[in-house]
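Have a look at the structure below, then the notes.
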Amino acid sequence: MTFSRLKKLEFHDHLDGSLRPLTVWEEAQKNGVNIACLTGETHPTPESTEKWLKSAAASRNLNSFLEKFALTTAVLQTEESLFRAARETVHDWHAVNTVYGETRFAPENHTAGGLSEERAVEAVAAGLKAGSAETGVRTGLILCAMRQNCRSRKTAELCLKRQDLVCGFDLAGPERGFPVTLHEEAFRLLREAGFRGITCHAGEDANEKAVSLAVEAGALRVGHAAVFADQPLRERLRERLIECCLTSNEATRAVSDIRCHPVKTFFADGIPFLLCCDDRLMCNTDLNREYARAADAFGWDESVFIEMNRRAVDFAFGLTDDEKTRLKAEIGESVPSDANL
Ligand SMILES: [Zn+2]
10 MTFSRLKKLE
20 FHDHLDGSLR
30 PLTVWEEAQK
40 NGVNIACLTG
50 ETHPTPESTE
60 KWLKSAAASR
70 NLNSFLEKFA
80 LTTAVLQTEE
90 SLFRAARETV
100 HDWHAVNTVY
110 GETRFAPENH
120 TAGGLSEERA
130 VEAVAAGLKA
140 GSAETGVRTG
150 LILCAMRQNC
160 RSRKTAELCL
170 KRQDLVCGFD
180 LAGPERGFPV
190 TLHEEAFRLL
200 REAGFRGITC
210 HAGEDANEKA
220 VSLAVEAGAL
230 RVGHAAVFAD
240 QPLRERLRER
250 LIECCLTSNE
260 ATRAVSDIRC
270 HPVKTFFADG
280 IPFLLCCDDR
290 LMCNTDLNRE
300 YARAADAFGW
310 DESVFIEMNR
320 RAVDFAFGLT
330 DDEKTRLKAE
340 IGESVPSDAN
350 L
């Protein structure tokens, strides 16, 4: 089954995890990034570098998966490279019929070349705007704070300051040892300001308690939640949306096999979710592949994916109510009459 003709949303797509392989290589050459030093190869080539990045799919755990980002963030330290990455992301979404997409990145990881965090945000936003003008894809930008650092409050402040460019806040990075509670100040600041676009990685490398903490912190959406939740948590998740990343969860060993993924129980339990890619480069995937894998694993057909996207529209961070109404109609145009989620 192929799903290329379906109109799709993308909510969970990391800018630095979804670069085109050739972009990584070219930006490394242009900016003097020593690929050999990062990959351990004596004579790296474009092909060997791509292979190394995609070997993330055979990682042993989340931390070994995250090691690949040392290279992709190293090549994204200029306004030009950030602009290029964002613009290409929109074109890559367009290629699989994504009609609305949100990318995310951590400004704190892009200041080594002298950029301020705010300039980094402006460069990514400009790239999204250019890509959107060229393709018609609507876009949103989420800023990530890294769990292992102490800058989440600063990132939250930047979200509030630049709401003209930013629609969401996320907490990302290694879960173990860095619980959501370490970043309560950032979440409180956003909640008190009435900032609605809060998402949080949780339940990727931790248990359902982590998911529960993310919900309590104010997350409207939860990234991954690849854990089986108990009934009280399930009740609360019916008011949230799970950003579900099947191939990524398999790569980081969050699940041993996607057929065991809890999304199948979320589906049955009426918990909103959206299939997303997480890191298209490292996971060697795109939304068409994610849909095909889910169809194969869970027996879902087109009607399930259409309804999944239609319901997800309400959880988009970067759309007005009018835009949501229009987008729902656009996605629902071809809803089969027997669609039943
Ligand atoms: Zn992620």
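Every number in the numbering used here is 9 more than the matching position in the sequence shown, counting from 1. Ideal Cβ placement from N, Cα and C applies to all residues, glycine included.
Practice item. Indicate the three-state DSSP secondary structure (helix, strand or coil) for Thr208 in the structure shown. Key: strand
| query | Is Asp214 near ligand 1, judged by its Cβ being under 6 Å from some heavy atom? | reply | no
- [ ] Mind the definition here: the stretch 75 to 85 touches the stretch 44 to 57 only if three or more C-beta pairs lie below 8 Å; say whether that holds.
- [x] yes
- Rounded C-alpha distance that separates Tyr300 from Lys16: 12 Å
- Per-residue DSSP class, three states only, for Ala115: coil
Alpha-carbon spacing of Arg335 relative to Leu284, whole angstroms = 21 Å
| message | What I want to know is whether the C-beta of Asp287 ends up closer than 6 Å to one or more non-hydrogen atoms of ligand 1. | response | yes
Quick check: what's the CA-CA separation for Phe276 versus Asn40? 45 Å
- Verify the contact flag: Gly5, CB atom, against every heavy atom of ligand 1, threshold strictly below 6 Å. Nothing about residue 5 can be read from this structure; the chain reaches only from 10 to 350.
Let me check you understand the geometry: is the CB of Asn43 closer than 6 Å to at least one non-hydrogen atom of ligand 2?
This structure lacks ligand 2; the ligands present are ligand 1.
With H, G and I counted as helix, E and B as strand and the rest as coil, what does DSSP make of His192? helix
**Asked** Tell me which same chain residues have a C-beta within less than 6 Å of the C-beta of Lys63, skipping the five on either side of it?
**Response** Asn293
Simplified DSSP state of Cys153, which is helix, strand or coil
strand
Q: Look up Glu311 in the DSSP assignment and give the residues it is bridged to.
A: Glu311 is not bridged to any residue.
Relative to the C-alpha of His100, which candidate in Leu296, Thr256, Val146 and Glu127 has its C-alpha closest? Val146
Practice problem: Just confirm the distance between the C-beta atoms of Leu290 and Leu71, as a whole number of angstroms; I'd bet it's less than 8 Å. | Solution: 16 Å between Cβ atoms; not a contact.
Practice task
Report the option in Ser141, Cys176, Lys60 and Phe196 whose CA atom is closest to the CA atom of Leu150.
Solution key: Cys176
Ordered list of beta strand (DSSP E) runs contained in the stretch 59 to 83, each at least 3 residues = none
Out of Asp239, Arg245 and Arg268, which one is the CA nearest neighbour of Val224?
Arg245
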